[in-house]
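Asker: The structure follows.
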Amino acid sequence: MKIVFPDNFRFGTSTSAYQIETPYAHDWNNVRARDGHIFDRTTDHEKRYDEDIAIIASLAPNYRMSLMWSRLQREPFGKLHPETTREYHSLLQKLTSRGVQIMMVLHHFANAAWFAERGGWQKKENIALWVDYAKKVVDEFGGYVSSWNTFNEPNLYTSMGWVAGEFPPFRRNMLVARRVITNIAAAHEHLYTYIKDKYPNTLVGISHNCTVFEPENILGYLPSKFIDWCYMEYAPSLFKQTDFFGMSYYARIGHDPFPITYLLTPEKVKKLGKPHDDMWEYYPQGLKQCMLRYWKQFRKPIIITENGICTGDDTKRVQAIHDYMGQVHEAIQEGVDVRGYYHWSTWDNFEWSLGPTYRFGLYGCDPVTKDRFKKPSADVFSKLAYSREIEL
Numbered sequence: 001m002k003i004v005f006p007d008n009f010r011f012g013t014s015t016s017a018y019q020i021e022t023p024y025a026h027d028w029n030n031v032r033a034r035d036g037h038i039f040d041r042t043t044d045h046e047k048r049y050d051e052d053i054a055i056i057a058s059l060a061p062n063y064r065m066s067l068m069w070s071r072l073q074r075e076p077f078g079k080l081h082p083e084t085t086r087e088y089h090s091l092l093q094k095l096t097s098r099g100v101q102i103m104m105v106l107h108h109f110a111n112a113a114w115f116a117e118r119g120g121w122q123k124k125e126n127i128a129l130w131v132d133y134a135k136k137v138v139d140e141f142g143g144y145v146s147s148w149n150t151f152n153e154p155n156l157y158t159s160m161g162w163v164a165g166e167f168p169p170f171r172r173n174m175l176v177a178r179r180v181i182t183n184i185a186a187a188h189e190h191l192y193t194y195i196k197d198k199y200p201n202t203l204v205g206i207s208h209n210c211t212v213f214e215p216e217n218i219l220g221y222l223p224s225k226f227i228d229w230c231y232m233e234y235a236p237s238l239f240k241q242t243d244f245f246g247m248s249y250y251a252r253i254g255h256d257p258f259p260i261t262y263l264l265t266p267e268k269v270k271k272l273g274k275p276h277d278d279m280w281e282y283y284p285q286g287l288k289q290c291m292l293r294y295w296k297q298f299r300k301p302i303i304i305t306e307n308g309i310c311t312g313d314d315t316k317r318v319q320a321i322h323d324y325m326g327q328v329h330e331a332i333q334e335g336v337d338v339r340g341y342y343h344w345s346t347w348d349n350f351e352w353s354l355g356p357t358y359r360f361g362l363y364g365c366d367p368v369t370k371d372r373f374k375k376p377s378a379d380v381f382s383k384l385a386y387s388r389e390i391e392l
């Protein structure tokens with residue numbers, strides 16, 4: 001069966017500067033990942049711009065990306081670094097000249113070291129530091145940008161940094177986590193107003209991580225309901241001003257009462273007989289569940305800002321593209337206003353606290369030479385992105 005997407009539906013791929021550029025004075029520098037690798041070299045993107053631009057343009061007409069705050073602004077309230085600014089101008093000019101439309105993410109899980117050293121998002125007074133940086137980015141690069149994504153997955157970022165203790169600053173304090181997400185929401189409101197005043201016709205939104213939390217037994221009922229409320233209800237409700245609801249989706253997580261993932265408890269996932277990738281249960285129908293849920297709640301256009309599968313087996317990635325596209329198309333048929341889909345990720349990168357051996361890319365990246373190589377899924381996604389149709 002062939003499914004066809006609307007003419008105005010945007011297909012793209014997605015990356016994060018911190019996961020593909022060489023680290024520079026940010027709060028992930030030299031962090032040891034779960035797979036043993038040190039966060040000191042990622043994919044050498046800044047040394048391979050022309051090659052990577054060709055890859056990006058070949059895969060889709062849209063690209064979701066970020067810039068490295070620590071390289072651009074090297075002190076509080078400082079001017080943007082001239083050499084880095086010229087470098088990013090060149091990158092963005094070359095991308096847009098090839099017809100690639102940019103969704104720019106202003107914060108993607110990492111902070112300039114000087115910001116983190118001052119207490120980061122835990123302190124309300126630091127909101128002004130990030131807002132100053134973000135406004136300068138809008139002023140400098142706004143002409144290249146088709147849509148803005150102020151914060152990437154603030155619910156996940158806060159949970160991993162201040163509840164699970166897996167991301168910098170590696171804390172476990174839910175009261176501080178609440179303060180952090182409140183401060184991030186306030187920063188978003190500042191930038192939403194600023195961008196809309198400057199570019200009234202440009203879409204500005206947020207991107208929340210969406211996960212299906214379900215109990216595996218009676219012991220998991222209350223824990224799954226509590227985390228669902230915190231993660232899927234409370235955190236998104238703080239972000240009042242948005243032109244679209246951006247969402248990423250990767251998995252369903254069961255509770256018994258503790259979270260069950262392939263990453264943390266592979267023996268439980270196997271015992272339950274659940275399909276999985278290298279991190280989570282594989283549950284593509286959860287994408288549609290989340291779209292229906294948030295369309296009903298917010299009635300704002302939905303853009304899937306990240307979706308993919310963590311696996312070294314690209315045949316699974318090809319199947320996932322088909323499975324997820326079927327879910328998106330069904331949601332559209334049921335009345336959900338879905339405007340776009342960005343695949344995570346363009347090429348394999350450094351997967352934060354997990355390391356570079358956890359792979360999401362349509363292209364591979366050699367762990368030593370950093371050479372790129374095409375996977376079969378790249379051709380499947382490129383054909384979908386440019387034709388807006390796929391055979392299921």
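So in UniProt numbering, spot 168 of the sequence shown is number 168, and the numbers just go up one at a time. Note that beta-carbon positions come from the ideal geometry of N, C-alpha and C, so glycine has one too. Computed from a predicted structure; not experimentally measured.
Closer than 6 Å by C-beta to residue 158: which residues in its own chain qualify, once you throw out the five before and the five after it? Chain order, please.
Answerer: Here residue 158 refers to the residue found at position 158 of the sequence shown. Only 177, 180, 181 meet the Cβ criterion.
Asker: Could you tell me which residues DSSP puts in a beta bridge with residue 372?
Answerer: Stepping through the sequence shown from its first residue, residue 372 is reached at position 372. Beta-bridge pairing links residue 372 to 365.
Asker: Taking the alpha carbon of residue 190 as the point to measure from, which residue in 304, 129, 229, 145 has its own alpha carbon closest?
Answerer: Position 190 of the sequence shown, counting from 1, holds the residue named residue 190. Ranking the options by Cα distance to residue 190, first place goes to 129.
Asker: Taking only three categories from DSSP, how would you classify residue 280?
Answerer: Taking the first residue of the sequence shown as position 1, residue 280 is located at position 280. Looking at residue 280 - three-state DSSP - the assignment turns out to be coil, as it is neither helix nor strand.
Asker: Let's see if you can read the secondary structure: which residues bound the alpha helix (DSSP H) around residue 354?
Answerer: Counting from one through the sequence shown, the residue named residue 354 turns up at place 354. Counting along the chain, residue 354 falls outside any alpha helix (DSSP H), and DSSP gives it neither H nor E.
Asker: Pull up the CB-CB distance for residue 60 and residue 115, whole angstroms please, since I reckon it's below 8 Å.
Answerer: Along the sequence shown, one-based indexing puts residue 60 at 60. Along the sequence shown, one-based indexing puts residue 115 at 115. With 8 Å as the limit, residue 60 and residue 115 do not qualify as a contact, their Cβ atoms being about 32 Å apart.
Asker: Any idea what DSSP makes of residue 251, helix, strand or coil?
Answerer: Along the sequence shown, one-based indexing puts residue 251 at 251. Strand.
Asker: Could you check how far apart the C-beta atoms of residue 164 and residue 26 are, in whole angstroms? I think they sit under 8 Å.
Answerer: Within the sequence shown, the letter at position 164 stands for residue 164. Within the sequence shown, the letter at position 26 stands for residue 26. With a Cβ gap of about 20 Å, residue 164 and residue 26 do not count as contacting.
Asker: If I follow the unbroken beta strand (DSSP E) through residue 163, where does it start and stop?
Answerer: Against the sequence shown, residue 163 aligns to sequence position 163. Segment: none, residue 163 is in no beta strand (DSSP E) and carries neither H nor E.
Asker: For a test of the three-state rule: what should DSSP assign to residue 262, helix, strand or coil?
Answerer: Stepping through the sequence shown from its first residue, residue 262 is reached at position 262. Residue 262 sits in coil when the DSSP states are folded into three classes, being neither helix nor strand.
Asker: When burial is assigned at 16 or more other CB atoms within 10 Å of the CB, is residue 299 buried or exposed?
Answerer: Looking up residue 299 in the sequence shown gives position 299. Looking at its Cβ environment, which holds fewer than 16 other Cβ atoms inside 10 Å, residue 299 is exposed.
Asker: Taking DSSP as the reference, what is the three-state secondary structure of residue 66?
Answerer: Indexing the sequence shown from 1 puts residue 66 at position 66. Residue 66 falls in the strand class under three-state DSSP.
Asker: If I measure Cβ to Cβ from residue 325 and keep anything under 6 Å in the same chain, skipping five residues before and after, which residues do I get?
Answerer: Indexing the sequence shown from 1 puts residue 325 at position 325. The residues are 390.
Asker: According to the neighbour-count rule (16 or more other Cβ atoms, all chains shown, within 10 Å of its Cβ), is residue 150 buried or exposed?
Answerer: Taking the sequence shown and counting its residues from 1, one reaches residue 150 at position 150. Burial call: buried.
Asker: What whole-angstrom Cβ distance do residue 67 and residue 88 have, given they're in contact under 8 Å?
Answerer: Indexing the sequence shown from 1 puts residue 67 at position 67. Indexing the sequence shown from 1 puts residue 88 at position 88. That belief holds up - the Cβ atoms of residue 67 and residue 88 are roughly 6 Å apart, short of 8 Å.
Asker: Would you kindly check if the distance between the Cβ of residue 247 and the Cβ of residue 304 is under 8 Å?
Answerer: The residue labelled residue 304 in the question sits at position 304 within the sequence shown. The residue labelled residue 247 in the question sits at position 247 within the sequence shown. Contact: yes.
Asker: Within the continuous alpha helix (DSSP H) that includes residue 302, where are the two ends?
Answerer: Position 302 of the sequence shown holds residue 302. Careful: residue 302 lies outside any alpha helix (DSSP H), inside the beta strand (DSSP E) at 302 to 307.
Asker: Note down the Cα distance separating residue 127 from residue 173, rounded to an integer number of angstroms.
Answerer: For the purposes of this step, residue 127 is identified with residue 127 of the sequence shown, where counting begins at 1. For the purposes of this step, residue 173 is identified with residue 173 of the sequence shown, where counting begins at 1. For residue 127 and residue 173, the distance between alpha carbons rounds to 20 Å.
Asker: Can at least three beta-carbon pairs, one atom from the region 283 to 303 and one from the region 335 to 347, be found at a separation below 8 Å?
Answerer: yes
Asker: Just the Cα atoms here: how many angstroms apart are residue 259 and residue 253?
Answerer: Residue mapping note: residue 259 aligns to position 259 of the sequence shown, counting from 1. Residue mapping note: residue 253 aligns to position 253 of the sequence shown, counting from 1. Residue 259 and residue 253: Cα-Cα distance of roughly 6 Å.
Asker: For residue 124, I'd like the list of residues in its chain whose CB is within less than 6 Å of its CB, leaving aside the five on either flank, ordered along the chain.
Answerer: For the purposes of this step, residue 124 is taken as residue 124 along the sequence shown, with counting starting at 1. Taken in chain order, the residues that qualify are 183.
Asker: List the whole-angstrom C-beta distance separating residue 94 from residue 38, where the pair is believed to meet the contact cut-off of C-beta under 8 Å.
Answerer: Position 94 of the sequence shown, counted from the first residue, corresponds to residue 94. Position 38 of the sequence shown, counted from the first residue, corresponds to residue 38. No, residue 94 and residue 38 are not in contact; Cβ-Cβ is about 31 Å, not under 8 Å.
Asker: Using 10 angstroms around the beta-carbon of residue 376, count the other beta-carbons present and answer buried if the total reaches 16, otherwise exposed.
Answerer: Stepping through the sequence shown from its first residue, residue 376 is reached at position 376. So residue 376 ends up on the exposed side.
Asker: Since residue 13 sits in a beta bridge, which residues does DSSP pair it with?
Answerer: Here residue 13 corresponds to residue number 13 of the sequence shown, with the count starting at 1. Answer is 63, 343, bridged to residue 13.
Asker: Indicate the three-state DSSP secondary structure (helix, strand or coil) for residue 395 in the structure shown.
Answerer: No information on residue 395 is available, as it lies outside the stretch 1 to 392 that the chain covers here.
Asker: How should residue 36 be labelled, buried or exposed, when 16 other C-beta atoms within 10 angstroms of its C-beta is the threshold for buried?
Answerer: Here residue 36 refers to the residue found at position 36 when the sequence shown is read from its first residue. Looking at its Cβ environment, which holds fewer than 16 other Cβ atoms inside 10 Å, residue 36 is exposed.
Asker: Per DSSP, residue 205 is paired with what?
Answerer: Along the sequence shown, one-based indexing puts residue 205 at 205. In the DSSP output, where bridge partners are listed per residue, residue 205 has 149, 244.
Asker: When you compare only the Cα positions, how much space is there between residue 261 and residue 276?
Answerer: Numbered from its first residue, the sequence shown carries residue 261 at position 261. Numbered from its first residue, the sequence shown carries residue 276 at position 276. Computed Cα separation, rounded: 9 Å.
Asker: I need the straight-line Cα distance from residue 24 to residue 70, nearest angstrom please.
Answerer: To locate residue 24, count along the sequence shown from 1; it is residue 24. To locate residue 70, count along the sequence shown from 1; it is residue 70. Distance between the alpha carbons of residue 24 and residue 70: 6 Å.
Asker: Name the DSSP bridge partner or partners of residue 104?
Answerer: For the purposes of this step, residue 104 is taken as residue 104 along the sequence shown, with counting starting at 1. Residue 104 is bridged to 65, 148.
Asker: Return the residue from the list 378, 331, 216, 352 that minimises the CA-CA distance to residue 274.
Answerer: In the sequence shown, residue 274 corresponds to position 274, counting from 1. Minimum Cα distance to residue 274 is reached at 216.
Asker: With distances taken Cα to Cα, identify the nearest neighbour of residue 239 among 3, 290, 267, 192.
Answerer: Position 239 of the sequence shown, counted from the first residue, corresponds to residue 239. Ranking 3, 290, 267, 192 by CA distance to the CA of residue 239 puts 192 first.
Asker: Compute the distance between the beta-carbons of residue 15 and residue 46, then report whether it is under 8 Å.
Answerer: Here residue 15 refers to the residue found at position 15 when the sequence shown is read from its first residue. Here residue 46 refers to the residue found at position 46 when the sequence shown is read from its first residue. No, Cβ-Cβ distance for residue 15 and residue 46 is not below 8 Å.
Asker: At what residues does the alpha helix (DSSP H) containing residue 127 begin and finish?
Answerer: Here residue 127 refers to the residue found at position 127 when the sequence shown is read from its first residue. 127 to 141 is the span of the alpha helix (DSSP H), which, as asked, contains residue 127.
Asker: Taking all protein chains shown into account, do 16 or more other C-beta atoms lie within 10 angstroms of the C-beta of residue 85, making it buried, or fewer, making it exposed?
Answerer: Here residue 85 corresponds to residue number 85 of the sequence shown, with the count starting at 1. By the neighbour-count rule (16 or more Cβ atoms within 10 Å), residue 85 is buried.
Asker: Identify whether residue 112 lies in helix, strand or coil by the three-state DSSP scheme.
Answerer: By 1-based counting over the sequence shown, the position of residue 112 is 112. DSSP places residue 112 in strand when its eight states are reduced to three.
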